[in-house]
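Okay, so here's the structure we're looking at.
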Amino acid sequence: MPTEPPSYESLVAEAESAPTDGWDFSWFEGRATEARPSWGYAVSLAGRLARADAALDLDTGGGEVMDFALARTATPPRVLAATEAWPPNAARATRLLRPRGVVVVTPAGDGRLPFPDAAFDLVSSRHPVTPHWREIARVLTPGGTYFAQHVGHRSAFELVEEFLGPLPDDVSRARHPDAESAAAKEAGLDVVDVRVERLRMEFHDVGAVVHFLRKVVWMVPGFTVARYEAELRALHERIGAEGPFVAYSARHLIEARRPLAG
1 MPTEPPSYES
11 LVAEAESAPT
21 DGWDFSWFEG
31 RATEARPSWG
41 YAVSLAGRLA
51 RADAALDLDT
61 GGGEVMDFAL
71 ARTATPPRVL
81 AATEAWPPNA
91 ARATRLLRPR
101 GVVVVTPAGD
111 GRLPFPDAAF
121 DLVSSRHPVT
131 PHWREIARVL
141 TPGGTYFAQH
151 VGHRSAFELV
161 EEFLGPLPDD
171 VSRARHPDAE
181 SAAAKEAGLD
191 VVDVRVERLR
201 MEFHDVGAVV
211 HFLRKVVWMV
221 PGFTVARYEA
231 ELRALHERIG
241 AEGPFVAYSA
251 RHLIEARRPL
261 AG
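Straight run, no breaks: the sequence shown in full-length UniProt numbering ends on number 262.
Spelled out as structure tokens, the structure:
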């Protein structure tokens with residue numbers, strides 16, 4: 001006898017009860033998928049950590065990416081630090097990364113980093129909220145490298161516009177790789193590599209949408225189920241009739257270096 005599909009109410013209730021701290025996305029298994037960039041950021045980071053003397057990871061989330069990379073680094077840097085502003089993530093990152101010798105600190109609200117000039121020869125970040133280029137340049141040693149994977153311009157806007165309606169093209173323009181490259185150069189860094197990909201995302205039920213928007217809070221600011229119930233119910237019906245909702249994330253890999261003379 002065919003099984004009845006889960007109801008809108010049950011899917012939403014499950015998603016609302018799921019914890020949102022850290023960057024562990026295992027909750028989405030079987031419910032949503034996102035293609036991964038071809039460059040393999042975490043593995044590439046492990047190789048760079050093995051060659052670094054002092055490394056800083058910005059906006060480390062729950063520390064999962066840094067932990068993955070350090071687990072694959074035979075000779076970790078002598079000095080290891082990370083920043084995280086959101087208290088639940090900072091606590092989680094501290095528990096995960098302290099055994100690996102990483103000190104997790106809270107950055108200033110204005111983006112200033114609590115480190116001296118030229119403190120790190122490697123600064124990394126996976127999906128920073130806002131890259132503060134002048135601070136990145138300041139804490140890098142001459143010849144030091146910033147190596148990061150950023151969320152790009154209009155990432156997953158197919159989903160965002162389901163809730164906010166059509167948005168002008170210049171929304172999130174600051175995240176465009178050209179704009180970020182220009183900002184890095186203005187801060188005195190040499191941009192040595194930029195790679196860009198758009199990647200297919202699929203949401204197989206409305207609960208996955210709810211959990212995603214609760215976890216990635218800047219996508220639809222002020223999102224709550226109550227506020228967007230009409231849109232969520234319509235999406236639930238559409239997924240049931242047509243199959244997974246498809247969106248496309250934007251990612252770019254950026255590598256920038258502080259000049260030896262700077």
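Built from N, CA and C at the ideal position, the CB exists for glycine as well.
message: Tell me the DSSP secondary structure of T83 in three-state form.
response: In the structure shown, T83 sits in a strand (DSSP, three-state: E or B).
message: Alpha carbons only, please: which of E16, A82, H176, R227 is nearest the one belonging to residue 329?
response: A question about residue 329 goes unanswered here, because the residues of the chain that appear run from 1 up to 262.
- prompt: Leaving out the 5 sequence neighbours to the left and right, which residues in its chain are closer than 8 Å to D24 when beta-carbon positions are compared?
  reply: Excluding sequence neighbours, D24 sits near G62, E64.
message: Can you tell me whether K215 is buried or exposed? The criterion is at least 16 other CB atoms within 10 Å of its CB, across all chains shown.
response: Looking at its Cβ environment, which holds 16 or more other Cβ atoms inside 10 Å, K215 is buried.
message: Please state whether the Cβ-Cβ distance between L253 and Y41 is less than 8 Å.
response: Against a cut-off of 8 Å, the Cβ pair of Y41 and L253 comes out as a contact.
- prompt: If you follow the beta strand (DSSP E) that M201 is part of, which residue opens it and which one closes it?
  reply: Boundaries of the beta strand (DSSP E) around M201: 190-203.
field: Same chain, Cβ closer than 7 Å to H153, neighbours up to 5 away in sequence not counted
entry: Cβ within range, chain order: S172, R173, R175, H176, A250.
- prompt: Start and end of the beta strand (DSSP E) containing V151?
  reply: In the DSSP assignment, V151 falls within the unbroken beta strand (DSSP E) covering 140-151.
field: Which listed residue (Y228, F212, E9, V123) has its alpha carbon closest to that of E29
entry: Of the residues Y228, F212, E9, V123, the one whose Cα lies closest to the Cα of E29 is F212.
query: Do the stretch 226-233 and the stretch 103-122 make contact, defined as three or more Cβ pairs closer than 8 Å?
result: Not touching, per the Cβ criterion.
field: Residue(s) in a DSSP beta bridge with Y248
entry: Looking at the DSSP output, Y248 shares a beta bridge with R200.
Close-in-space but distant-in-sequence residues of the same chain around R31 (CB under 7 Å, 5 per side omitted): Taking R31 as the centre and dropping the five residues before and after it, the same chain places the C-beta of H204, D205, G207, A208 closer than 7 Å to its C-beta, in chain order.
task: Can you tell me which of P142, Y146, T141, D121 puts its alpha carbon nearest to the alpha carbon of H132?
output: With distances taken between Cα atoms, H132 lies closest to Y146.
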